[in-house]
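In full-length UniProt numbering, the protein residues as written are 1 to 260. Where is the CB? At the ideal position from N, CA and C, for every residue including glycine.
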């Protein structure tokens, strides 16, 4: 999967026609050494999903780098407010989640599509395969999306998700987290990650969190922001997403896209 980092084209690639030949953009690849491993023994299901052979690196095709991408005209302002759905207000602690999408040089990345999905306050997803007996909230679907502004900023109003059991090992519970997906200028430019909350007591026994290289784990944890917390309304958590470089946010491998 290509990185969202700019510039989008490789050396000598313009993305324009030259005579009758079209130069296909070549997107930067991620540094695999900075990613979570495809197979992690304590994360039991990776043993079933991880490839047994070395993956084949396929070149990008024309349709993958020039095809339509969901743009700002398809994202509505209400998509950033996850607390109001189906004519009512969601149950739970309101939180403001905000930050910037940055490249390796600390420069903002504008016009990136940021999507989130999460469990409700009781720790349950609105999904057909989530059948643990926590209540469903009719006014919360756990889905949101925004496009970053000219300064690379995003912001969501949502409900703090609850922890939930997931059966990886005895008495296994996932720490509270929000899934993030970021799209760049093409669908080949997609990154997926998870944001956690400070001082969660479940970190120590969660293999998904602990699959992140130790030196990078703090970059997956949001920062409580008193300055953005809204009096009598919502707590605030800041989480900046760095796409490449030594401060890169930990991203999931393609094989981990269906993690809980």
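For the 8 Å CB-CB criterion, residue 121 and residue 92 form a contact. Rounded to whole angstroms, residue 150 and residue 226 show a C-alpha spacing of 25 Å.
For residue 130 against residue 85, the beta-carbon gap comes to about 17 Å, at or over 8 Å, which does not count as contact.
Every alpha helix (DSSP H) stretch that sits fully inside the stretch 179 to 258 and reaches 4 residues is listed by chain position as 207 to 210.
Counting along the chain, residue 48 sits inside the alpha helix (DSSP H) bounded by residues 46 to 49. With a cutoff of 8 Å on beta-carbon distance, residue 223 and residue 247 are scored as not near each other.
In the three-state scheme derived from DSSP, where H, G and I count as helix and E and B as strand, residue 57 is classed as coil. Residue 229 has its alpha-carbon roughly 15 Å from the corresponding atom of residue 198.
Contact between residue 88 and residue 123 fails: their C-beta atoms lie close to 20 Å from each other, not under 8 Å. Sequence-distant Cβ neighbours of residue 125 in its own chain, meaning closer than 7 Å and more than five residues away, are 119, 142.
Judged by DSSP in its simplified three-state form, residue 78 adopts helix.
The DSSP-derived three-state label of residue 158 is strand. Taking a C-beta distance under 8 Å as the contact criterion, residue 202 and residue 173 qualify as a contact pair. Under the 10 Å beta carbon count, residue 244 is surrounded by 16 or more other beta carbons and is classified as buried.
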